[in-house]
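Here's the structure we're looking at; comments come further down.
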Amino acid sequence: MNNLTMMILKRLAFGVLTLFVISGLIFLAVQALPGDLTQAILGRSATPETVAAFRRELGLDLPPYIRYFEWISGILKGDLGTSLANNRPIIELLETRLYNTLFLACAAALISIPIAIGLGMLAALYRQSLLDKLISISTLSMISFPEYFVAYILIALLSVTFPVFPSLASVSPDMGLWDRLYAIALPVLTLTFVVTAHMMRMTRAAIINVLGSPYIEMARLKGIKKGRVILHHALPNSLSPIINVVVLNLTYLVGGVVLIEVVFVYPGLGQLLVDSVSKRDVPVVQAISLIFAAVFVLLILAADILAILANPKHRHPK
1 MNNLTMMILK
11 RLAFGVLTLF
21 VISGLIFLAV
31 QALPGDLTQA
41 ILGRSATPET
51 VAAFRRELGL
61 DLPPYIRYFE
71 WISGILKGDL
81 GTSLANNRPI
91 IELLETRLYN
101 TLFLACAAAL
111 ISIPIAIGLG
121 MLAALYRQSL
131 LDKLISISTL
141 SMISFPEYFV
151 AYILIALLSV
161 TFPVFPSLAS
171 VSPDMGLWDR
181 LYAIALPVLT
191 LTFVVTAHMM
201 RMTRAAIINV
211 LGSPYIEMAR
221 LKGIKKGRVI
231 LHHALPNSLS
241 PIINVVVLNL
251 TYLVGGVVLI
261 EVVFVYPGLG
271 QLLVDSVSKR
281 DVPVVQAISL
291 IFAAVFVLLI
301 LAADILAILA
311 NPKHRHPK
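Written out as structure tokens, the structure reads:
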């Protein structure tokens, strides 16, 4: 087993351990919420005997560590539990919602990543020029705005002043691809504006850092055009930091959709999470939080592994 394989296996083992620790933190955080869950569900008119019986039915009379291991063992068997709000299996509630959230995040990623890398390359190619300054000012302005502010500005411009796109992202399972893309246009634009700026800045910085290397100077002395130098020499050797920043922004896309889904009333995991918190539907909150944590850990692992594979020192060890 070579060093590259060992490094990847260590990353995977660390990811599994991290997810296990996060699951414990999620369980503890949800259990620490103020108020009595059974009292909140049954109402103030419930008698102590009814509350006690309901606690036994939900297993809340068991010690926390037993409830935690029962929850984890159920997840390992593919059972996420049952919703307290409607008494349905949680996995049924999440199927469509998870697809909607991933569709929204993937659509924003497919637009933002090429734009960010392309603008970063242009800014690096024409460093200190008017184009570079315009791109930098625009991206810095976008970074300074919170995503909900960008969302409301887009709604005001493209739904109210110029009614181009719907202000509410209403989708259904039977919608076609283009109808679905049209319905989520504003949420996708909001996420694209927010994450493109950061990715572009990091891409520009990574390429400029590589441009000072001796082999880049040698390529320039040979008369190779500046654009070709960046595309064929600087960009491939800047992949490790670029991959890291792209994946970090993808993790933000998955987590940041919570607020965007609430603003646009989009039927995804984020909207379901907020609704479940308001209803004190603890099993659903725990399940959705663990899903977001798992996606985050998987993307970070993917970034580590891709960065390792993109590094020639690791691909071709001496």
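If you count by this note's numbering, then the sequence shown holds residues 1 to 318, one letter each, in order. All residues carry an ideal CB built from backbone N, CA and C; glycine is no exception.
Residues of its chain near residue i, where Cβ-Cβ distance is below 8 Å and the 5 sequence neighbours each way are ignored
i: Ile90; result: Leu80, Gly81, Thr82, Ser83, Pro283, Val284, Ala287
i: Ile26; result: Gln286, Ser289, Leu290, Ala293
For residue i, three-class secondary structure by DSSP
i: Thr47; result: coil
i: Pro267; result: coil
i: Asp174; result: coil
i: Pro64; result: helix
i: Ser167; result: coil
i: Lys222; result: coil
i: Gly15; result: helix
i: Lys77; result: coil
Residue environment, residue i, which counts as buried when at least 16 other CB atoms sit within 10 Å
i: Ile137; result: exposed
i: Gln271; result: buried
i: Ser73; result: exposed
i: Ile113; result: buried
i: Arg56; result: exposed
i: Gly212; result: exposed
i: Ile66; result: exposed
i: Asn249; result: buried
Element boundaries [alpha helix (DSSP H), containing residue i]
i: Ala105; result: 90 to 125
i: Ser144; result: 130 to 144
i: Phe149; result: 147 to 155
i: Val160; result: Val160 -> no alpha helix (DSSP H), and no H or E assigned at all.
i: Arg204; result: 185 to 211
Beta-ladder partner(s) of residue i, from DSSP
i: Thr82; result: Pro89
Own chain partners of residue i with C-beta closer than 6 Å, once the 5 adjacent residues on each side are dropped
i: Glu70; result: none
i: Glu261; result: Gly268, Gly270, Gln271
i: Ile115; result: Thr196
i: Leu186; result: Leu154, Phe165
Residue-chain proximity (residue i, chain B), Cβ-Cβ < 8 Å
i: Ala105; result: In the structure shown, chain B does not exist; there is a single protein chain.
Same chain, Cβ closer than 7 Å to residue i, five either side skipped, listed in chain order
i: Val229; result: Ile216, Ala219, Arg220
i: Ala234; result: Ile207, Val210, Leu211, Ile216
i: Thr190; result: Glu147, Val150, Ala151, Leu154, Ile260
i: Ile143; result: Ala197, His198
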